[in-house]
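Asker:
Protein chains: 2
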Amino acid sequence: MAQLRIPGPTPCPDEVLQAMTKQMINHRGPEFAQIVQGITDQLKTFFQTENDVFILTGSGTGGLEAAVVNTLSPDDKVLSISIGVFGDRFATIARTFGAEVTPLNFEWGKAADVDEIRRALEADTAIKAVLVTHNETSTGVTNDLEAISALIKEFDKLILVDAVSSLSAIDLPVDKWGCDVVVTGSQKGWMVPPGLAMISISEAAWQAHAQAKMPRFYWDFSKAKIYLEKGQTPWTPGMPMVFALAKALDMMAKEGLFNILARHIKIGQMTRDGVKTLGLPLFADEKYASNSVTSVAGAGSLNIKKLITIMREEHGIVLGGGQLTLGGKIFRIGHMGFVSEADIQGVLDALKIALPKAGFGG
Amino acid sequence: MAQLRIPGPTPCPDEVLQAMTKQMINHRGPEFAQIVQGITDQLKTFFQTENDVFILTGSGTGGLEAAVVNTLSPDDKVLSISIGVFGDRFATIARTFGAEVTPLNFEWGKAADVDEIRRALEADTAIKAVLVTHNETSTGVTNDLEAISALIKEFDKLILVDAVSSLSAIDLPVDKWGCDVVVTGSQKGWMVPPGLAMISISEAAWQAHAQAKMPRFYWDFSKAKIYLEKGQTPWTPGMPMVFALAKALDMMAKEGLFNILARHIKIGQMTRDGVKTLGLPLFADEKYASNSVTSVAGAGSLNIKKLITIMREEHGIVLGGGQLTLGGKIFRIGHMGFVSEADIQGVLDALKIALPKAGFGG
Chain A
-4 MAQLRIPGPT
6 PCPDEVLQAM
16 TKQMINHRGP
26 EFAQIVQGIT
36 DQLKTFFQTE
46 NDVFILTGSG
56 TGGLEAAVVN
66 TLSPDDKVLS
76 ISIGVFGDRF
86 ATIARTFGAE
96 VTPLNFEWGK
106 AADVDEIRRA
116 LEADTAIKAV
126 LVTHNETSTG
136 VTNDLEAISA
146 LIKEFDKLIL
156 VDAVSSLSAI
166 DLPVDKWGCD
176 VVVTGSQKGW
186 MVPPGLAMIS
196 ISEAAWQAHA
206 QAKMPRFYWD
216 FSKAKIYLEK
226 GQTPWTPGMP
236 MVFALAKALD
246 MMAKEGLFNI
256 LARHIKIGQM
266 TRDGVKTLGL
276 PLFADEKYAS
286 NSVTSVAGAG
296 SLNIKKLITI
306 MREEHGIVLG
316 GGQLTLGGKI
326 FRIGHMGFVS
336 EADIQGVLDA
346 LKIALPKAGF
356 GG
Chain B
-4 MAQLRIPGPT
6 PCPDEVLQAM
16 TKQMINHRGP
26 EFAQIVQGIT
36 DQLKTFFQTE
46 NDVFILTGSG
56 TGGLEAAVVN
66 TLSPDDKVLS
76 ISIGVFGDRF
86 ATIARTFGAE
96 VTPLNFEWGK
106 AADVDEIRRA
116 LEADTAIKAV
126 LVTHNETSTG
136 VTNDLEAISA
146 LIKEFDKLIL
156 VDAVSSLSAI
166 DLPVDKWGCD
176 VVVTGSQKGW
186 MVPPGLAMIS
196 ISEAAWQAHA
206 QAKMPRFYWD
216 FSKAKIYLEK
226 GQTPWTPGMP
236 MVFALAKALD
246 MMAKEGLFNI
256 LARHIKIGQM
266 TRDGVKTLGL
276 PLFADEKYAS
286 NSVTSVAGAG
296 SLNIKKLITI
306 MREEHGIVLG
316 GGQLTLGGKI
326 FRIGHMGFVS
336 EADIQGVLDA
346 LKIALPKAGF
356 GG
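Sequences listed follow chains A and B, in order.
Quick note on my numbering: the first sequence kicks off at -4 and runs consecutively.
Quick note on my numbering: the second sequence kicks off at -4 and runs consecutively.
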């Protein structure tokens, strides 16, 4: 069995996979209502929020679309803070649905600069909402969301957060930082297969929702809220992942949020230290390097595509490549969710053998 | 273990549930590409089409939204043929995204009248597309889609079909009948848990797509097409259901489409005969009664809510209630996908015992 070390989907514990063999039940019946209500309460603990939290059937991208269409109207001015592929995607979604997007893009591999965000907010007081990525999966950079959120709240703007590859792996106290809409995906830090997006909505986001005129049906928060009161989802949900999430949340509750976060910090550091010891440069600005995914730059005559192939074929370890313009220029090691130090040691040991074969040093 | 006899989600064979315990793999890698391409080819057999077929992560309702936003522009005139809850929902989606919807609603329990559809199409030549439900899950009625499609093609309109609870259980030769967009859901006739919508797109639908201006991102067919060429989906898919669908399609291929359809015809007839033998009236016009779900009307002093509770608590059989205005007035027996005559005999035997306790005859 190959070991999956891409930044999502991530490997799932056996107990979580087994949870999906549960036979289908009535999604409008009492047993399912109990499961949905239990999960929702547990999710609030991991989101560190008392806001509404909904479970949507779809990918993280679906969750980002939900965040946009539920809170904005066509022609609304939106500031997009992007540090990579997923930041750009968030902006594209908003633009697709008619928002007037001001892009504030930073060099890939760097975090967003808070002073530049301040200048952008000062430059256009008509901005209504800010889109920001907490952890940029494509570059392995974690933005300083605490500082960014504080700034955006100072300007009294709505803040929509892509936390797809951070939440539950990297600290994100939603209420403390005042994040209005926060989106995550089941296949990242949650140890669950892909297919669900989980999303929190603040009181300010609900107020925006009441005015928001972008068309929405499937993703509509109002419907999600009405149905959740009955322990249901508006549409038939991806039931296996709901069962899986219930099991994963039980396991996560046992480990405890702060232990999980500490484990990710430790493993993130171990990964970066290990990569540097092998002589490879980190792609991400180390001050903002992600604890859920490490991006590694090429060096010397290293053939990154060849390295990824050798790692898969000879070591059974699947690494992530670079996306779009980063193709062939970086590789990525996912370490979120169900991951241990031994897993990463295995990756580092295999890299040591594979690197010379892929043209590096040796 | 309770036996689920609601019209979706439907029970899954053990082999299908077990298929979901497969560990996650790279959704951009060669193994997954092979699975996606294999499934897509098999789906075309069951859709009886050479059109493009896409797998979307979402519910059937998500698939209906995809059908609308990919082929229409705001202010487009749309004729909505509705015979129940899901027909009304399809119209609401189109209206939500700005279409000018002319509703053509028929009495619940009846099929759509083809002559009335002709008059509606004659009355407004500006109509661009027609929304039609093949099998209305809320009333247990199957429209004469062959006749309706022929008529709509005579007028050269686009036809968008909700086949969520028909496809693979009730005959729907997509190409022969000229259906432009056809939507189905994994949790109905496919013996797979909920979480995927499968959708076919004709050449005429692609032409409409090229002009269609409703905003779309997550559901965009263009993106689905580009990624499918690589054996991928644009966004991380609901992987467990993809694994489940691969297994279910193998089982379905062994049984064969026409044997599956014949089994549903036989079981549909058996259910209706059994219900009538118990002295209960069918809710659906028998000429158009569905072979995937049977709706049963109340009679005498029967308390339908009580009957459903007794069936669940004393017999371990979960029946569907009536939706919206049909609540307490009908109950529904789902018989699509993984269902045998023995399953239905079990329902009928239990009903015979439960009915007197719920105030009927006895």
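Each residue gets a CB set at the ideal place from its N, CA and C atoms; glycine is no exception.
#1: Between A:G354 and B:G233, is the Cβ-Cβ spacing less than 8 angstroms?
#2: Between the region 164 to 179 of chain A and the region 3 to 22 of chain B, are three or more C-beta pairs nearer than 8 angstroms?
#3: Between the alpha carbons of A:T87 and A:H330, how many angstroms are there, rounded?
#4: Looking at C-beta atoms only, is the number of pairs between the region 63 to 77 of chain A and the region 192 to 210 of chain A that lie closer than 8 angstroms three or more?
#5: List, in order along the chain, the chain A residues whose C-beta lies closer than 7 angstroms to that of B:P6?
#6: Taking DSSP as the reference, what is the three-state secondary structure of B:P98?
#7: Of the residues A:I154, A:W214, A:W201 and A:D70, which one's Cα is nearest the Cα of A:T52?
#8: Evaluate B:F44 with the Cβ neighbour count: other Cβ atoms within 10 Å of its Cβ, from every protein chain shown; 16 or more gives buried, anything less gives exposed.
#9: Kindly list, in the order they appear in chain A, the residues whose Cβ is closer than 8 angstroms to that of B:F92.
#10: Can you pull the chain B neighbours of A:T56, defined as C-beta to C-beta under 9 angstroms?
#11: Output the boundary residues of the beta strand (DSSP E) element that contains B:D47.
#12: Identify which residue in B:Q227, B:V334 and B:V342 has its Cα closest to the Cα of B:P25.
#13: Among residues of its own chain, excluding the 5 on either side of B:P69, which ones have a beta-carbon nearer than 6 angstroms to its beta-carbon?
#14: Kindly confirm or deny that the region 256 to 269 of chain A and the region 106 to 125 of chain A touch, where touching means at least three C-beta pairs closer than 8 angstroms.
#15: With a threshold of 8 angstroms, are at least 3 pairs of Cβ atoms found where one atom belongs to the region 277 to 289 of chain A and the other to the region 129 to 136 of chain A?
#16: Would the beta-carbon of B:K352 fall within 8 angstroms of that of B:I303?
#17: Please say whether A:I154 and A:V178 have beta carbons closer to each other than 8 angstroms?
#18: Rounded to whole angstroms, what is the Cα-Cα separation between B:F212 and A:L319?
#19: For B:K218 and B:L297, what's the separation of their Cα atoms in angstroms?
#20: Helix, strand or coil, according to DSSP, for A:S144 in the structure here?
#21: List the residues of chain A whose Cβ lies closer than 7 angstroms to the Cβ of B:V96, in chain order.
#22: Among B:E198, B:N21 and B:L275, whose alpha-carbon lies nearest the alpha-carbon of B:F326?
#23: State yes or no: is the beta carbon of B:T179 nearer than 8 angstroms to at least one beta carbon in chain A?
#24: My guess is that A:I34 and A:L244 are in contact by the Cβ rule of under 8 angstroms, so how many angstroms apart are they, rounded?
#25: Given this structure, state the Cα-to-Cα distance separating A:L162 from A:F42, to the nearest angstrom.
#26: Please name the residue or residues paired with A:G0 in a DSSP beta bridge.
#27: Would you say B:S335 and B:G135 are within 8 angstroms of each other, going by their C-beta atoms?
#28: Between the Cα of A:P4 and those of B:A345, B:I299 and B:W230, spot the shortest distance and give me the residue it belongs to.
#29: I need the straight-line Cα distance from B:P181 to A:K148, nearest angstrom please.
#30: Could you check if A:A337 is buried or exposed, using at least 16 other CB atoms within 10 Å of its CB as the buried criterion?
#31: Do B:A192 and B:G315 count as a contact pair if the criterion is CB distance below 8 angstroms?
#32: What number of angstroms, rounded off, separates the C-alpha of B:P189 from the C-alpha of B:G57?
#33: Report yes or no: is there a C-beta of chain B within less than 8 angstroms of the C-beta of A:E60?
#34: Using a Cβ cut-off of 8 angstroms (strictly closer), state whether B:H22 contacts chain A.
#35: Can you check whether the CB of A:R0 is closer than 8 angstroms to the CB of A:V270?
#36: With 8 angstroms set as the bound, which would you pick, yes or no: does the beta-carbon of A:L12 sit closer than that to a beta-carbon of chain B?
Answerer: Answer, in terms of the structure:
#1: For A:G354 and B:G233, no; Cβs fall outside 8 angstroms.
#2: In this structure the region 164 to 179 of chain A does not touch the region 3 to 22 of chain B; the number of beta carbon pairs closer than 8 angstroms is below three.
#3: Approximately 28 angstroms between the Cα atoms of the pair.
#4: Enough Cβ pairs lie closer than 8 angstroms, so yes.
#5: What B:P6 touches in chain A: Q18 and M19.
#6: When secondary structure is reduced to three states using DSSP, B:P98 falls in the strand class.
#7: The shortest Cα separation from A:T52 among A:I154, A:W214, A:W201 and A:D70 belongs to A:W214.
#8: A small correction: the amino acid at residue 44 of chain B is Thr; Phe does not occupy that position in the sequence shown. Classification for B:T44: buried.
#9: Scanning chain A for C-beta atoms nearer than 8 angstroms to the C-beta of B:F92 yields P210 and F212, reported in chain order.
#10: At a beta-carbon threshold of 9 angstroms, the residues of chain B lying near A:T56 are F212, Y213, P229, W230 and T231, ordered along the chain.
#11: Unbroken beta strand (DSSP E) run through B:D47: D47 to T52.
#12: Cα-wise, what sits closest to B:P25 is B:Q227.
#13: If we look at B:P69 and ignore the five residues flanking it on each side, its Cβ neighbours are G93.
#14: Short answer: they don't touch.
#15: Taking a cut-off of 8 angstroms for Cβ pairs, the region 277 to 289 of chain A and the region 129 to 136 of chain A touch, as three or more such pairs fall below it.
#16: For B:K352 and B:I303, no; Cβs fall outside 8 angstroms.
#17: Result no, Cβ atoms of A:V178 and A:I154 do not sit closer than 8 angstroms.
#18: B:F212 and A:L319: Cα-Cα distance of roughly 19 angstroms.
#19: Taking the straight line from one Cα to the other gives about 52 angstroms.
#20: A:S144 falls in the helix class under three-state DSSP.
#21: Contact of B:V96 with chain A by beta-carbon distance below 7 angstroms is absent, the smallest such distance being about 13 angstroms.
#22: Just measuring C-alpha positions, the residue of B:E198, B:N21 and B:L275 sitting nearest B:F326 is B:L275.
#23: No, B:T179 does not count as interfacial toward chain A.
#24: About 6 angstroms; that satisfies the 8 angstroms criterion.
#25: Each residue's alpha carbon lies about 7 angstroms from the other.
#26: With the sequence shown as reference, residue 0 of chain A is identified as Arg, and Gly is not the correct amino acid for it. Among the bridge pairs identified by DSSP, A:R0 is matched with A:L314.
#27: No, the Cβ-Cβ distance between B:S335 and B:G135 is not below 8 angstroms.
#28: Comparing Cα positions, the closest option is B:W230.
#29: Before going on, a small fix: residue 181 of chain B reads as Ser here, not Pro. Taking the straight line from one Cα to the other gives about 43 angstroms.
#30: A:A337 should be labelled exposed.
#31: No, they are not a contact pair.
#32: Looking at the two C-alpha atoms, the distance is approximately 12 angstroms.
#33: Using a CB distance cut-off of 8 angstroms, A:E60 counts as an interface residue toward chain B.
#34: Closer than 8 angstroms to some Cβ of chain A, the Cβ of B:H22 qualifies, so yes.
#35: Cβ distance not < 8 angstroms, so A:V270 and A:R0 don't count as in contact.
#36: So yes, A:L12 belongs to the interface.
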